[in-house]
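Student:
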Amino acid sequence: MNPMVKRCLAVGVLVALGVLIVIIAITPPRSAPASMAGSSRIILRVAVRDFRSDHPDFAVSPKDGFGHYPGNVALTLGASKDPLFTGLGFKALDQWRNGAGRPIAPHLYNRSGSDYWSWASAGVAVEGSLTINNNGYLDSWDSSQGSYIDTQGDDALVATNGDASAIDLGNGGSLGGDLLISPDGDPTAAATSGTISGVVGVMTSTGTMPTITAPDLGPSVGNVLISGTQVLTGNIPCDSFMIDNSSVAVIEGDTIIRCAGTFSLGQGAVIFLSPGAQLTIYTEGPVRAVFQNALVNVNTGDPSRVNWYHLSTDPFQIQENSIVYATIVAPNAELQIDQNGHFFGSFTGDSLYIANNAGLHVDLSLDPLPTMCGTLIADTPGVAGANDTCAITSADTFKQWFNDVPGTNATAAYPMILTRAADGMFEFLTDDFAPIDGALYGNEGELHNRYFTFEVDTSFIYRACTGQVVQIQCDDDLWIFIDGTLAIDLGGMRAGVPQVVELDRLNLQDGREYELHMFYAQRQGGTARFSLRTNLDLTGDPFSIGVLSNPLFD
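Heads up, this note's numbering is the position in the sequence shown plus 159, with the first residue counted as 1.
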């Protein structure tokens with residue numbers, strides 16, 4: 160293995176494990192919407208569904224113990240506006256946090272909201288197949304923050320227009336980051352014998368491959384052969400391009416190479432960029448950087464300095480300890496990284512193949528840095544444990560949670576009353592949430608009727624850059640979707656973990672009304688803490704079912 164790669168693999172990040180169980184104070188907005196100014200409380204009508212304790216998803220324990228289990232629901236609501244079970248959850252060993260240290264949903268980490276879940280945001284975007292096997296791996300780093308050794312992480316975003324059948328991770332293959340598949344794909348089918356450290360999501364729309372046209376650089380200079388050390392600058396149209404063994408092409412100024420035939424680097428060949436140099440390459444034939452220890456732009460370590468457009472249908476190959484720092488666009492070809500080859504940058508193309516200890520390392524600095532109201536989003540990553548569905552039996556049993564199923568659940572309405580606190584936040588706080596004690600299926604011989612779910616459908620007006628937030632802390636599963644997209648992911652039992660979503664990171668439109676859907680499940684018979692704090696001016700439509708007797712409701 161290449162010595163540099165050995166060093167990279169030896170670098171780890173020591174993360175202190177812990178669970179924050181206190182309610183986090185939230186700074187009130189600079190100005191509250193006018194409709195909130197005279198309100199002292201908000202009444203939300205909640206649909207509560209009672210279940211018996213013998214339901215397969217209730218009165219059970221996760222195989223990895225109680226805790227926070229994000230990732231078990233899809234990133235968008237289903238057609239009937241219900242959450243969809245994916246089975247791709249994991250135990251959170253440490254929380255993902257925003258710049259203020261407050262826990263956030265893992266899938267929102269260091270991204271500007273829903274725009275993240277798109278082809279355009281992906282560091283790797285392919286039309287079809289993605290193959291990573293035989294100890295091949297894909298991960299991330301940030302050239303603006305330092306070298307790969309110093310900044311290596313598992314924060315890559317990979318997108319494919321294919322469905323789950325286009326994904327092949329096996330024999331030790333790993334993807335360090337999140338994976339997006341086609342809009343009609345099934346994320347539950349993306350499980351492989353390899354490893355995906357992040358979540359599997361579905362794109363809201365199919366990605367579009369860029370159209371690339373090579374510029375007219377004038378008549379060809381014929382076949383170019385670099386032997387020894389030669390300086391290249393300006394426009395170089397050629398029939399073929401070859402850097403001989405142990406030879407060096409020094410790039411000065413803005414240099415453009417257009418090669419109609421084979422482009423290859425010999426054993427130990429080097430493309431070296433002088434200070435301030437920028438290299439653009441258009442290849443229309445086979446590309447081979449396959450001979451041992453060929454190096455492209457390694458001296459700068461900055462992939463943005465080399466833009467490589469491969470217009471052929473022939474594979475783009477990086478093999479045998481070769482290392483390339485660049486951005487590569489290959490609309491009709493496969494990028495093949497094999498036999499300890501390593502590519503640092505971003506790739507958009509037809510397909511991707513990584514195998515035999517080779518690696519692709521997505522440079523996060525090539526994407527626009529995410530900001531929120533002009534401030535850089537600087538989140539802190541958490542730590543994901545092994546895959547675990549948190550004792551959810553199947554998609555069929557999960558679907559019963561938030562739908563009326565005669566004989567399986569019984570439904571009534573309950574008024575959730577949010578009162579205005581001194582800091583202007585509306586809150587519902589309780590250490591003993593028991594909305595249906597003695598009602599519906601009853602307490603089943605226990606102190607409280609704990610086995611239930613509830614859902615809230617409400618709406619609000621988004622006010623940009625006023626600090627609108629929603630903060631939740633609870634003991635069992637809870638998900639919040641805003642505009643149909645997952646914003647709070649507190650799946651789990653007896654987690655006691657708080658989570659906050661800052662609406663300014665969701666790329667919403669100022670002044671527009673948005674739907675908010677909240678889904679909760681109390682699946683254990685023990686504690687039932689529930690805390691909701693928000694400065695949203697929530698509204699809601701009454702449910703067409705009876706309201707439980709409650710003296711607080713008016």
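Note that the Cβ used here is the ideal one computed from N, Cα and C, for glycine as well.
The structure displayed is predicted, hence computed values, not measured ones.
Please classify Arg-200 as buried or exposed, where buried requires at least 16 neighbouring CB atoms within 10 angstroms.
Tutor: So Arg-200 ends up on the exposed side.
Student: Does the separation of the CB atoms of Leu-252 and Gly-650 fall below 8 Å?
Tutor: No.
Student: Using the three-state DSSP reduction, which class does Trp-255 fall into: helix, strand or coil?
Tutor: Reduced to three states, the DSSP call for Trp-255 is coil.
Student: Let me make sure I understand the geometry here. Which of Leu-645, Asn-694, Thr-686, Gly-427 has the alpha-carbon closest to that of Leu-267?
Tutor: It is Leu-645 whose Cα lies nearest to the Cα of Leu-267.
Student: Would you identify the three-state DSSP class for Ala-325, choosing helix, strand or coil?
Tutor: Of the three classes helix, strand and coil, the one that applies to Ala-325 here is helix, per DSSP.
Student: If you drop the 5 nearest sequence neighbours on each side, which residues of the same chain put their C-beta closer than 6 Å to that of Leu-726?
Tutor: The chain is shown from 160 up to 713; residue 726 falls before or after that span and cannot be answered.
Student: Using 8 Å as the threshold, is the segment 424-438 in touch with the segment 452-472, meaning 3 or more CB pairs across them?
Tutor: Yes, the segment 424-438 is in contact with the segment 452-472.
Student: Would the segment 202-222 count as touching the segment 514-522 if we require 3 or more Cβ pairs under 8 Å?
Tutor: Verdict: no, contact absent.
Student: Are Met-362 and Ser-277 close, meaning C-beta to C-beta below 8 Å?
Tutor: Cβ atoms of Met-362 and Ser-277: closer than 8 Å.
Student: Relative to the C-alpha of Ala-233, which candidate in Asp-596, Phe-557, Cys-633, Arg-682 has its C-alpha closest?
Tutor: Ranking the options by Cα distance to Ala-233, first place goes to Phe-557.
Student: What span of residues does the beta strand (DSSP E) with Phe-502 cover, start to end?
Tutor: First-last of the beta strand (DSSP E) with Phe-502: 501-514.
Student: Using DSSP with H/G/I as helix, E/B as strand and the rest coil, what is Asp-669?
Tutor: Coil at Asp-669, not helix or strand.
Student: Quick check on DSSP: helix, strand or coil for Ala-492?
Tutor: Residue state, collapsed to three classes: strand.
Student: Determine the DSSP secondary structure at Phe-557, reduced to helix, strand or coil.
Tutor: Of the three classes helix, strand and coil, the one that applies to Phe-557 here is helix, per DSSP.
Student: Have a look at Ser-505 and Ala-485 and give me their C-alpha separation to the nearest angstrom.
Tutor: Distance between the alpha carbons of Ser-505 and Ala-485: 7 Å.
Student: By DSSP, does Tyr-573 sit in helix, in strand, or in coil?
Tutor: Correct three-state label for Tyr-573: strand.
Student: Which ranges does the beta strand (DSSP E) cover as unbroken runs of at least 3 residues, wholly within the segment 422-474, from first to last along the chain?
Tutor: Whole beta strand (DSSP E) segments, 3+ residues: 422-424, 429-432, 437-442, 446-448, 465-469.
Student: Does the Cβ of Ser-510 have 16 or more other Cβ atoms within 10 Å, making it buried, or fewer, making it exposed?
Tutor: The residue is buried, with at least 16 neighbouring Cβ atoms inside 10 Å.
Student: Just the C-alpha distance for Ala-572 and Arg-211, rounded to the nearest angstrom, thanks.
Tutor: Their backbone Cα atoms lie some 18 Å apart in a straight line.
Student: Buried or exposed, going by whether 16 or more other CB atoms sit within 10 Å of the CB of Ala-279?
Tutor: Classification of Ala-279: exposed, given that the 10 Å Cβ count is below 16.
Student: Helix, strand or coil, according to DSSP, for Tyr-307 in the structure here?
Tutor: Three-state DSSP puts Tyr-307 in a helix.
Student: Could you spell out the range, first to last residue, of the beta strand (DSSP E) harbouring Leu-691?
Tutor: Note, Leu-691: beta strand (DSSP E), 689-693.
Student: Val-174 to Asp-301, Cα distance in whole Å?
Tutor: Interpretation of Val-174 is limited by its pLDDT of 22, a score under 50 that renders its predicted location unreliable; no figure is taken from the coordinates.
Student: Given a cut-off of 8 Å on the beta-carbon distance, is the pair Gly-230 and Leu-247 in contact?
Tutor: Yes, the Cβ-Cβ distance between Gly-230 and Leu-247 is below 8 Å.
Student: Any idea if Asp-563 is buried or exposed, counting beta-carbon neighbours within 10 angstroms, 16 or more meaning buried?
Tutor: By the neighbour-count rule (16 or more Cβ atoms within 10 Å), Asp-563 is not buried but exposed.
Student: Given a cut-off of 8 Å on the beta-carbon distance, is the pair Thr-365 and Ser-341 in contact?
Tutor: Yes, Cβ-Cβ distance for Thr-365 and Ser-341 is below 8 Å.
Student: Whose C-beta lies closer than 7 Å to the C-beta of Leu-695 among residues of the same chain, with five residues either side of it excluded?
Tutor: Within the same chain, Leu-695 has close Cβ partners Phe-619, Gln-627, Val-629.
Student: Compare the C-alpha of Pro-594 against each of Leu-606, Gly-583, Met-584, Phe-585 and name the closest.
Tutor: Closest option to Pro-594, Cα to Cα, is Leu-606.
Student: What number of angstroms, rounded off, separates the C-alpha of Phe-689 from the C-alpha of Ala-554?
Tutor: Going by the C-alpha atoms only, they are around 26 Å apart.
Student: Identify every residue that forms a DSSP beta bridge with Pro-565.
Tutor: According to DSSP, which records beta bridges pairwise, Pro-565 is partnered with nothing at all.
Student: Below 8 Å, how does it come out for the segment 312-330 and the segment 393-408: are there three or more Cβ pairs, yes or no?
Tutor: Segments in contact, no.
Student: Determine the burial state of Asp-213: buried for a count of at least 16 other Cβ atoms within 10 Å of its Cβ, exposed for fewer.
Tutor: Exposed, since its Cβ has fewer than 16 Cβ neighbours within 10 Å.
Student: Which value, in whole angstroms, describes the spacing of the CA atoms of Asp-669 and Asp-398?
Tutor: For Asp-669 and Asp-398, the distance between alpha carbons rounds to 54 Å.
Student: Name the one or two DSSP bridge partners that Leu-588 has.
Tutor: DSSP, once it has assigned bridges, lists Ser-690 as partnering Leu-588.
Student: For the beta strand (DSSP E) containing Glu-661, list its first residue and its last residue.
Tutor: Note, Glu-661: beta strand (DSSP E), 657-661.
Student: Taking the alpha-carbon positions, what's the Gly-604 to Leu-289 distance?
Tutor: The alpha-carbon atoms of Gly-604 and Leu-289 are separated by roughly 53 Å.
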